[in-house]
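Sequential numbering of the sequence shown, starting at 11, is according to my numbering. Let me begin by presenting the structure, written as structure tokens, before commenting on it.
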Amino acid sequence: MTRTSTPVLRSIRTIRNIPRLKDISWILMRHGLHQVASYLGAPFRLRVFSWIPGLNQKPAPSQATRMRLAFQELGPIFIKLGQLIANRPDLFPQAYVDEFAQLEDRVEPVPFDKIRGVIEEELGAPIEEVFLEVSEKPLASASLAQVHCATTRSGDAVILKVQKPGLQKVIESDLEILGLVAEALAQIGGLGEFDPEGIVAEVARTVEREVDFNFERHAIERVRQNFDGDPVLVVPQTYPALSTKRVLTQERLLGTALRRLDSASLPAEERRRVARECSRILFEMVFRDGYFHADPHASNIMLLHDGRVGFIDFGSMGVFGEELRHRLVKLMRVLIERDFNGVAREVLRIGRPHGGEFHFFHFSQDLASRLDPYFGLSLSETDVPALFATVMSIAREYRIAIVPGFVTMTRCLALMEGVTC
Numbered sequence: 011m012t013r014t015s016t017p018v019l020r021s022i023r024t025i026r027n028i029p030r031l032k033d034i035s036w037i038l039m040r041h042g043l044h045q046v047a048s049y050l051g052a053p054f055r056l057r058v059f060s061w062i063p064g065l066n067q068k069p070a071p072s073q074a075t076r077m078r079l080a081f082q083e084l085g086p087i088f089i090k091l092g093q094l095i096a097n098r099p100d101l102f103p104q105a106y107v108d109e110f111a112q113l114e115d116r117v118e119p120v121p122f123d124k125i126r127g128v129i130e131e132e133l134g135a136p137i138e139e140v141f142l143e144v145s146e147k148p149l150a151s152a153s154l155a156q157v158h159c160a161t162t163r164s165g166d167a168v169i170l171k172v173q174k175p176g177l178q179k180v181i182e183s184d185l186e187i188l189g190l191v192a193e194a195l196a197q198i199g200g201l202g203e204f205d206p207e208g209i210v211a212e213v214a215r216t217v218e219r220e221v222d223f224n225f226e227r228h229a230i231e232r233v234r235q236n237f238d239g240d241p242v243l244v245v246p247q248t249y250p251a252l253s254t255k256r257v258l259t260q261e262r263l264l265g266t267a268l269r270r271l272d273s274a275s276l277p278a279e280e281r282r283r284v285a286r287e288c289s290r291i292l293f294e295m296v297f298r299d300g301y302f303h304a305d306p307h308a309s310n311i312m313l314l315h316d317g318r319v320g321f322i323d324f325g326s327m328g329v330f331g332e333e334l335r336h337r338l339v340k341l342m343r344v345l346i347e348r349d350f351n352g353v354a355r356e357v358l359r360i361g362r363p364h365g366g367e368f369h370f371f372h373f374s375q376d377l378a379s380r381l382d383p384y385f386g387l388s389l390s391e392t393d394v395p396a397l398f399a400t401v402m403s404i405a406r407e408y409r410i411a412i413v414p415g416f417v418t419m420t421r422c423l424a425l426m427e428g429v430t431c
């Protein structure tokens, strides 16, 4: 994060955010994170109150679990920070990566009259003039938005993704608070090349894109174009005239999310077909187009009534450019050739050591030992997600930060592996 900051500016930012800071401190302490709350400057009376006997009767879960539960309650910025932790096994301890992978972005819905207000403000007309019908009951509710079924004036069945009101103020406040913490950590030092301000900046960039639904609409249209003519994949049509920065209108796909299908509802042969098609689609996104759905879990993939496969929720996309694809091919080649030093060099070309002394020989020998099961295998024989997970684990141990595109691709393949098992 690049930001000019002085003691006076920091004081102004702190005073401005005191109400939200109190909320955050109270939630952290309620989850037993007293040290973190104290570091944020929680008022002494709140810290004392949190220690009243009987306030926390439940057995204490792990620190990582308590942080995940607190982050879920704290809202969009902290949820995105948690998702970043889950997606960076090369930077964060595995216990936190595994715990934050369970982070659920599900919150209580906003009353429909407030959602109606956002729709009418964004589209510039009473809702009845724009849609024949809008369901007041949401299909889903997350920290940034909630989703409602609707019917256009022309009779098309659509989905409305509507940003929650009052969101911008909370986001700005939370980013400023995280920025203050990051500045303090950077000034304390002792973090090697770990960059807390860079982490906060990455969260800010992610949220900035996700609160502007035009980015998601363009992503949908790009993937539709990439897969134009594909016999299996269906990507929803968007409605630009009914979409804005805070409202996204798209075609409603008719089918069932894969997470709702089990062996009783889907024969084994059909499950295998769907798994093959999902794998093909994702590999084409990553390795042919270099532009892919970064969150392909079983709730975001549907088996449609006609047997085709639908992908939904394109709010998080990954880019895997030509250079990274070239590096991946080289990495697979040196693995097949059992070139231990070559594997080490290729890993270092997609990442860089940060903090402390780095020993190339030890690194290459450790890679050789732990990647031995993969040496000599062809790409079709290789469990690619497991291979990359091992590389990420070793990289973290040697404090090597891997480029984000490669990390996102690795997580994407791992998610798809879970879907197609």
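Note that CB positions come from ideal geometry on N, CA and C, so glycine has one too.
Legend entry - Residue interval of the beta strand (DSSP E) (run including Pro241): Taking the first residue of the sequence shown as 1, we reach residue 241 at position 231. In the DSSP assignment, Pro241 falls outside any beta strand (DSSP E), carrying neither H nor E.
Legend entry - Span separating the alpha-carbon of His41 from that of Arg215: Here residue 41 is taken as the residue at index 31 of the sequence shown, counted from 1. Here residue 215 is taken as the residue at index 205 of the sequence shown, counted from 1. Going by the C-alpha atoms only, they are around 28 Å apart.
Inset, instruction - Just the C-alpha distance for Gly127 and Glu138, rounded to the nearest angstrom, thanks. - result: Within the sequence shown, numbered from 1, the residue matching residue 127 stands at position 117. Within the sequence shown, numbered from 1, the residue matching residue 138 stands at position 128. C-alpha separation (whole angstroms): 12 Å.
Legend entry - Rounded straight-line distance, which links the Cα of Val140 to that of Leu133: Your numbering for residue 133 matches position 123 in the sequence shown. Your numbering for residue 140 matches position 130 in the sequence shown. Cα atoms of Leu133 and Val140: separation of roughly 8 Å, rounded to the nearest angstrom.
Inset, instruction - Could you spell out where the alpha helix (DSSP H) holding Thr248 opens and where it closes? - result: Here residue 248 is taken as the residue at index 238 of the sequence shown, counted from 1. Run containing Thr248: none; DSSP gives neither H nor E here.
Inset, instruction - Could you pull out every residue in the same chain whose Cβ sits closer than 8 Å to the Cβ of Pro63, ignoring the five residues on either side in sequence? - result: The sequence position of residue 63 within the sequence shown is 53, counting from 1. Reliability of the predicted coordinates at Pro63 is poor, the pLDDT of 43 falling under 50, and the value obtained from them is presented with this limitation in mind. If you ignore the 5 residues before and after Pro63, its C-beta comes within less than 8 Å of no other C-beta in its own chain.
Inset, instruction - Report the residue from Leu334, Arg290 and Gly325 whose alpha carbon sits nearest the alpha carbon of His303. - result: By one-based count along the sequence shown, residue 303 stands at place 293. Residue nearest to His303 within the set Leu334, Arg290 and Gly325 is Gly325 (criterion: CA-CA distance).
Inset, instruction - Starting from the C-beta of Val394, find all residues in its chain whose C-beta is less than 7 Å away, skip the five residues before and the five after it, and write them out in chain order. - result: The residue given as residue 394 occupies position 384 in the sequence shown. For Val394, where only same-chain residues beyond five positions count, the Cβ hits under 7 Å are Leu423.
Legend entry - Rounded separation between Asp323 and Phe371 - CA only: The sequence position of residue 323 within the sequence shown is 313, counting from 1. The sequence position of residue 371 within the sequence shown is 361, counting from 1. Here the alpha carbons of Phe371 and Asp323 stand approximately 44 Å from one another.
Inset, instruction - Pick helix, strand or coil for Glu427, following the three-state DSSP scheme. - result: Residue numbering aside, residue 427 sits at position 417 when the sequence shown is read from its first letter. Look at Glu427 here: in three-state DSSP terms it is helix.
Inset, instruction - Let me know the secondary structure DSSP gives Ile412 once reduced to three states. - result: Mapped onto the sequence shown, residue 412 falls at position 402. Ile412: strand per DSSP, three-state reduction.
Inset, instruction - Could you name the residues of the same chain whose beta carbon sits closer than 7 Å to that of Leu264, not counting the 5 residues immediately before and after it, in chain order? - result: Locating residue 264 in the sequence shown gives position 254, counting from the first residue. Leu314 and His315, listed in sequence order.
Legend entry - Closest Cα partner of Ala308 within the set Gly415, Arg270, Val339 and Glu279: Here residue 308 corresponds to residue number 298 of the sequence shown, with the count starting at 1. Just measuring C-alpha positions, the residue of Gly415, Arg270, Val339 and Glu279 sitting nearest Ala308 is Arg270.
Legend entry - Gly386 beta carbon less than 8 Å from that of Arg348: If you number the sequence shown from 1, residue 348 lands on position 338. If you number the sequence shown from 1, residue 386 lands on position 376. Against a cut-off of 8 Å, the Cβ pair of Gly386 and Arg348 comes out as a contact.
Inset, instruction - Tell me, to the nearest whole angstrom, how far the beta carbon of Asp100 is from that of Met402; I am working on the premise that it is less than 8 Å. - result: Position 90 of the sequence shown holds residue 100. Position 392 of the sequence shown holds residue 402. Contact between Asp100 and Met402 holds, since their C-beta atoms are separated by about 5 Å, short of 8 Å.
Inset, instruction - Quick one: using the 10 Å Cβ neighbour count with 16 as the cut-off for buried, is Val339 buried or exposed? - result: For the purposes of this step, residue 339 is identified with residue 329 of the sequence shown, where counting begins at 1. Exposed is the label assigned to Val339, since fewer than 16 other Cβ atoms lie within 10 Å of its Cβ.
Inset, instruction - Compute the beta-carbon to beta-carbon distance between Ala192 and Glu212, rounded to the nearest angstrom, for a pair I have assumed lies under 8 Å. - result: For the purposes of this step, residue 192 is taken as residue 182 along the sequence shown, with counting starting at 1. For the purposes of this step, residue 212 is taken as residue 202 along the sequence shown, with counting starting at 1. 11 Å between Cβ atoms; not a contact.
Inset, instruction - Report the option in Phe223, Gln73 and Val217 whose CA atom is closest to the CA atom of His44. - result: Taking the sequence shown and counting its residues from 1, one reaches residue 44 at position 34. That would be Gln73, whose Cα lies nearest to the Cα of His44.
Inset, instruction - Look at Pro71 and Val217 and say whether their C-beta atoms are less than 8 Å apart. - result: Working through the sequence shown from its first residue, we reach residue 71 at position 61. Working through the sequence shown from its first residue, we reach residue 217 at position 207. No, these two residues do not count as a Cβ contact at 8 Å.
Inset, instruction - In the DSSP assignment, find the unbroken beta strand (DSSP E) run with Leu79 in it and report its ends. - result: One-based indexing of the sequence shown puts residue 79 at position 69. Looking at the DSSP string, Leu79 is not in any beta strand (DSSP E); the run it does join, the alpha helix (DSSP H), is Gln73 to Leu84.
Inset, instruction - Could you work out which residue in Tyr384, Leu149, Val357 and Ile187 is closest to Phe373 when comparing CA atoms only? - result: Against the sequence shown, residue 373 aligns to sequence position 363. Answer by Cα proximity: Val357.
Inset, instruction - Measure the CB-CB distance between Gln260 and Tyr249 and report whether it falls below 8 Å. - result: The sequence position of residue 260 within the sequence shown is 250, counting from 1. The sequence position of residue 249 within the sequence shown is 239, counting from 1. Gln260 places its beta carbon less than 8 Å from that of Tyr249.
Inset, instruction - Starting from Phe297, follow the beta strand (DSSP E) in both directions and report where the run begins and ends. - result: As a first step, residue 297 is located in the sequence shown; it is residue number 287 there, counting from the start. DSSP places Phe297 outside any beta strand (DSSP E), giving it a letter other than H or E.
Legend entry - Distance between beta carbons of Gln82 and Glu114, contact taken as under 8 Å: Within the sequence shown, residue 114 is the residue found at index 104, counting from 1. Within the sequence shown, residue 82 is the residue found at index 72, counting from 1. Confirmed, about 6 Å.
Legend entry - Per-residue burial, Gly176 [other beta carbons within 10 Å of its own, 16 or more giving buried]: Here residue 176 is taken as the residue at index 166 of the sequence shown, counted from 1. With fewer than 16 other Cβ atoms inside 10 Å of its own Cβ, Gly176 counts as exposed.
Inset, instruction - Note the first and the last residue of the continuous alpha helix (DSSP H) segment covering Phe373. - result: Counted from its first residue, the sequence shown places residue 373 at position 363. Phe370 to Arg380 is the extent of the alpha helix (DSSP H) around Phe373.
Legend entry - Whole-angstrom C-beta distance between Ser145 and Ala135, which should lie under 8 Å: In the sequence shown, the residue the question calls residue 135 occupies position 125. In the sequence shown, the residue the question calls residue 145 occupies position 135. Wrong, their Cβ atoms sit about 19 Å apart, outside the cutoff.
Inset, instruction - Compare the beta carbon distance of Ser172 and Arg256 with 8 Å and say whether it is the shorter of the two. - result: As a first step, residue 172 must be located in the sequence shown, where it is residue number 162. As a first step, residue 256 must be located in the sequence shown, where it is residue number 246. A small fix is needed here, since residue 172 is Val in this sequence, not Ser. Yes.
Inset, instruction - Just mark Pro306 as buried or exposed, buried being the case when its beta carbon has 16 or more other beta carbons within 10 Å. - result: Within the sequence shown, the letter at position 296 stands for residue 306. Buried, because 16 or more other Cβ atoms sit within 10 Å of the Cβ of Pro306.
Inset, instruction - Tell me whether the beta-carbon of Arg298 lies closer than 8 Å to the beta-carbon of Val244. - result: Residue numbering aside, residue 298 sits at position 288 when the sequence shown is read from its first letter. Residue numbering aside, residue 244 sits at position 234 when the sequence shown is read from its first letter. No.
Inset, instruction - Have a look at Asp272 and Glu279 and give me their C-alpha separation to the nearest angstrom. - result: Position 262 of the sequence shown holds residue 272. Position 269 of the sequence shown holds residue 279. It is roughly 13 Å from the alpha-carbon of Asp272 to the alpha-carbon of Glu279.
Inset, instruction - Just confirm the distance between the C-beta atoms of Gly331 and Val344, as a whole number of angstroms; I'd bet it's less than 8 Å. - result: The residue given as residue 331 occupies position 321 in the sequence shown. The residue given as residue 344 occupies position 334 in the sequence shown. Taking C-beta atoms under 8 Å as the contact rule, Gly331 and Val344 fail to qualify, at a distance of about 20 Å.
Inset, instruction - For Arg13, name the three-state secondary structure that DSSP assigns. - result: One-based indexing of the sequence shown puts residue 13 at position 3. Per-residue confidence for Arg13 stands at a pLDDT of 46, beneath the threshold of 50, marking its modelled position as unreliable; the derived number appears in the next sentence. In the structure shown, Arg13 sits in coil (DSSP, three-state: anything other than H, G, I, E or B).
Legend entry - Straight-line Cα distance separating Arg227 from Thr266: Here residue 266 corresponds to residue number 256 of the sequence shown, with the count starting at 1. Here residue 227 corresponds to residue number 217 of the sequence shown, with the count starting at 1. Across the structure, Thr266 and Arg227 are spaced so that their CA atoms are roughly 22 Å apart.
Inset, instruction - Mind reading off the beta-carbon distance from His364 to Arg409? Whole number of angstroms is fine, and I expect it under 8 Å. - result: As a first step, residue 364 must be located in the sequence shown, where it is residue number 354. As a first step, residue 409 must be located in the sequence shown, where it is residue number 399. Contact annotation, His364 with Arg409: C-beta distance approximately 6 Å; criterion of less than 8 Å satisfied.
Inset, instruction - Determine whether the Cβ of Arg290 lies closer than 8 Å to any Cβ atom of chain C. - result: Included in the structure is just one protein chain, with no chain C present.
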